[in-house]
Amino acid sequence: MELKVWKETLEPYQMAVNELTVKFQHVIEEYHLRGEYCPIVGVSGRVKTISSILDKCRRKNIPVEEIEDQMYDIAGIRLIVQFVEDIEIAVQLIRKRTDMEIKEERDYVRHSKESGYRSYHMIIRYQVQTIEGPRTLYAEIQIRTLGMNFWAAIEHSLQYKYKESIPENISYKLLKAAQAIVVLDSEMSAVRGEIMDAQMSMQHQQQIVSDILETIHHLYKKTNRREVEKIEDEFYRVYQQNDIEKLERFARDLDLIAEGYEAQDAGM
Ligand code: 0O2
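If you're matching positions, the sequence shown starts at 260 in the working numbering and goes up one per residue.
Written out as structure tokens, the structure is:
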């Protein structure tokens, strides 16, 4: 296949990767806007390189002209989650969507590969709009924890180095490392509730501080500088006390002050 044909073939996959990446990033943003715990912490995507496509064709006996029907991961999206339980939440989210049709799911979390590889794969059919009209193509979504991702990245680079025949002593160590990650994931799951609470209260505090600073910024435009500087000093004093309830109370009082100025403005 000529380079130009390769580029034309892969272009819709690049579009799919771009669109899907933006869509999943918006999922994260939606959770943050609602102030809710977000199961997904990272989204990335890539189109398989020509060399990797050719490698896979050779390994799996796929004729190059059949890659679009037989190779499901030309467009690949990876969702990183914090805890094993979050994988199921992300899977449910995808199952509910109407813009992706699930063709197949592979659960390498419950049934890890012989290498020790763990990840949840969803093969979807996804439609992009090209200048020639709609095109529906395959894409693969890999969902895994930070630990699983760490292991897969290391093992992947070794596979590349040893061309799929990783020496036995290294495979053994990788398998041991994969088992250690199973233990690590399950230890983290045991404190999932604690960690989620901590993260949510950190997010809540960040939101209050940002709201307070925004209100103070508006007040600078509405009233005299000395007055607002006093409010600002009071905010820093309350903030230093590291007490979320006091910070919430300060934010409420500040809102009342700001509303007072708004009412004054409206009456003028
Ligand atoms: P790359 O370079 O990441 O694109 P199968 O049906 O099991 O024979 P298939 O069709 O490759 O094989 O599907 P599978 O198993 O779902 O694998 C798809 C992708 O998952 C792989 O793409 C890898 O990205 C990842 N993967 C699968 N097994 C392993 C593994 O043992 N180690 C690591 N690190 N990643 C794995 P590619 O094309 O193999 O590689």
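A virtual CB, placed ideally from N, CA and C, is assigned to each residue, including glycine. Note that the structure is predicted; figures quoted are calculated from it, not measured.
From which residue to which residue does the alpha helix (DSSP H) around residue i run?
i	result
R354	V343 to K355
G250	The structure shown does not extend to residue 250, since the chain is modelled only from 260 to 527, so the question has no answer here.
I475	R451 to K481
R496	R484 to Q499
V281	L262 to R293
S310	I309 to K319
E327	I326 to Q329
Between which two residues does the beta strand (DSSP E) containing residue i stretch?
i	result
G304	I299 to V306
R337	A334 to V340
In this structure, how does DSSP classify residue i when only helix, strand and coil are distinguished?
i	result
E363	strand
G519	helix
I440	helix
V368	coil
E543	This structure cannot speak to residue 543, because the chain is shown only from 260 to 527.
I425	coil
Y431	helix
D358	coil
D502	coil
Would you tell me roughly how many angstroms separate the C-alpha atoms of residue i and residue j, rounded to the nearest one?
i	j	result
G301	R485	44 Å
I383	I475	48 Å
T308	S448	36 Å
Q458	R511	23 Å
E288	Q465	15 Å
E267	V286	30 Å
### Message
Restricting to runs no shorter than 3 residues, where is the beta strand (DSSP E) found entirely within the region 377-402?
### Response
Runs found: 379-389.
Check: Counting Cβ pairs closer than 8 Å, one from the region 418-433 and one from the region 383-395, do we hit at least three?
Finding: They do not touch, by the three-pair rule.
- Message: Taking 8 Å as the cut-off, does the region 336-349 touch the region 404-419 (at least 3 CB pairs, one atom from each stretch)?
- Response: As far as the Cβ criterion goes, the region 404-419 touches the region 336-349, which means the pair count is three or higher.
When you compare the region 329-345 with the region 301-310, are there three or more beta-carbon pairs, one atom per stretch, that lie closer than 8 Å?
Taking a cut-off of 8 Å on C-beta distances, the region 329-345 touches the region 301-310, as three or more cross pairs fall below it.
Using 8 Å as the threshold, is the region 352-370 in touch with the region 411-427, meaning 3 or more CB pairs across them? The region 352-370 is not in contact with the region 411-427.
Query - Validate contact between the region 369-387 and the region 407-415 using beta carbons, cut 8 Å, 3 pairs - result: For the pair of segments examined, the region 369-387 was found to touch the region 407-415: the number of CB pairs separated by less than 8 Å reaches three.
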